[in-house]
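Contents: one structure, followed by commentary.
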Amino acid sequence: MLLDMELSFYKIHLAFRDYIIVNSLTVELPSQEELRSFVRSICQRNSGVGARGVLLLVSDREHSGGVRFFDYRGEERQPGPEALICLARYAFDYGLAHSGKIVLQSLSGPKELQCIDSSHFSICAGTPTSDGRNRIFADSGIDYQVHVKAGHRSLNYTPVHLDQSIAAVHVEGDANLLRRPLELDIDSSLPVAYTVLSKDEARLLSPLEENVDIIQAAAGIGVAAVANGFCEKDIVVYLEGNNRLFFEWNERSNTVYIAADPRYAFSGYYTFGEDEYGPVD
C-alpha cells in the first residue's frame with residue numbers, strides 16, 4: 013500500500029496536446045513503482061489532472077538536463093518532439109538554456125532544441141525521405157504525389173518518412189475540417205490531410221490519431237507542400253482552433269524544423285496514495 017505523497021507539477025500544452033511536468037531537481041521522487049502509480053493517477057482525465065503523460069526534468073552532467081517520459085499508462089518511453097518542446101519551455105524558464113539552446117539527455121540520446129525567444133522553441137524533425145532511403149528535396153521539380161482512391165473520392169498523397177511515416181493527403185480548396193481521422197491503408201503510413209492556404213500557409217485538416225506526434229504531422233505536411241511546389245520553404249502550419257506551428261526547410265542540411273510556443277495551463281500540488289487503477293505490471 014502506498015502512503016499519501018504530494019508532488020508539485022506544472023501542466024503545459026502545445027495546441028491540443030497536454031503534458032504534466034515534474035521538476036525532480038527540486039522535489040524528491042518516489043520509488044519507480046510509486047512513480048508509475050502517480051503517473052497513472054494524475055493523467056486520469058475524469059479523476060486526476062488529465063494529460064497525455066508526465067515529463068520528469070532530471071539532472072545531467074553533460075547537458076542542460078535530462079528527461080524521463082512516462083505515458084498516461086505509466087510506461088516509460090522515449091519522448092516525442094511535441095513533448096520535448098513542452099519541456100524545453102519549462103527548462104528555459106528554469107534557467108537551463110545555454111548559448112541559445114537547450115540539450116536534453118533522453119533514452120535515445122541527447123536532443124537539442126533552439127531557443128528562438130522566451131516562448132518559441134524549435135526542434136529538428138529529421139531529414140525527409142519518400143521511403144526511408146530516397147531523400148526528398150525542396151527544389152527538385154519532382155512531383156512526389158501518389159494517386160489513391162478513398163471510397164468515391166480521388167486523393168493525392170505524398171509519402172514522407174521522418175521519425176514517423178506520414179501520408180500527407182492534399183485536399184484542394186478551402187475544405188471544411190474533416191470530422192474524423194482519415195482511414196486509408198497506405199503502406200503502414202499515418203494519413204494526415206492538409207490544404208494549402210497560400211504560398212506561406214497550410215492547414216492541417218484531419219484530427220490526429222493519439223499515436224501521431226503533432227510535430228511530425230506538421231513536418232510531414234510541410235515537406236509535402238514545399239516539395240510539390242505549393243509553398244515556400246518557410247511556412248505557417250495552422251491546426252485546430254487556429255493554433256499554429258512554424259515550418260522551416262534548411263536546404264544546406266536538407267533537414268526540416270518545427271517551431272512552436274507551448275503554453276502553461278496551471279501549476280499545483282497533487283496528492284496520491286494507493287493505486288486505484290490496479291497493480292503496476
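All letters in the sequence shown, in the order written, are residues 13 to 293 by this note's numbering.
Just so it is clear, CB atoms sit at the ideal spot from N, CA and C, and this is done for glycine as well.
Since this is a predicted model, take the numbers as computed values, not measurements.
Item to check | V204 beta carbon less than 8 Å from that of I178 | outcome: Against the sequence shown, residue 178 aligns to sequence position 166. Against the sequence shown, residue 204 aligns to sequence position 192. Contact: yes.
Checklist entry - Under the DSSP definition of a beta bridge, which residues are partnered with N168? => result As a first step, residue 168 must be located in the sequence shown, where it is residue number 156. Paired residues: H159, H182.
Checklist entry - Terminal residues of the continuous alpha helix (DSSP H) containing P93? => result Taking the sequence shown and counting its residues from 1, one reaches residue 93 at position 81. Counting along the chain, the alpha helix (DSSP H) containing P93 begins and ends at 93-105.
Item to check | Every unbroken beta strand (DSSP E) inside the region 206-238 [3 residues or more] | outcome: 213-216
Checklist entry - Secondary structure at L189, three-state DSSP: helix, strand or coil? => result If you number the sequence shown from 1, residue 189 lands on position 177. Model confidence at L189 stands at a pLDDT of 43, short of 50, so the residue's coordinates are unreliable and nothing is read from them.
Item to check | Buried or exposed by the 16-neighbour rule on C-beta atoms within 10 Å, applied to S265 | outcome: Here residue 265 refers to the residue found at position 253 when the sequence shown is read from its first residue. Label assigned to S265: exposed.
Checklist entry - Start and end of the alpha helix (DSSP H) containing F50? => result Indexing the sequence shown from 1 puts residue 50 at position 38. Here the alpha helix (DSSP H) through F50 covers 44-54.
Checklist entry - Can you tell which of E252, F242, Q228, H75 has the C-alpha that lies nearest to the C-alpha of L216? => result Here residue 216 corresponds to residue number 204 of the sequence shown, with the count starting at 1. Ranking E252, F242, Q228, H75 by Cα distance to L216 puts E252 first.
Checklist entry - In the structure shown, what three-state DSSP assignment does N254 receive? => result Looking up residue 254 in the sequence shown gives position 242. Three-state result, N254: helix.
Checklist entry - Since G77 and L67 are thought to touch, with beta carbons under 8 Å apart, how far apart are those beta carbons, to the nearest angstrom? => result Within the sequence shown, numbered from 1, the residue matching residue 77 stands at position 65. Within the sequence shown, numbered from 1, the residue matching residue 67 stands at position 55. Incorrect: roughly 11 Å between the Cβ atoms, too far for contact.
Checklist entry - Out of curiosity, what's the CA-to-CA distance linking E94 and E88? => result Counting from one through the sequence shown, the residue named residue 94 turns up at place 82. Counting from one through the sequence shown, the residue named residue 88 turns up at place 76. Those two C-alpha atoms are separated by around 16 Å.
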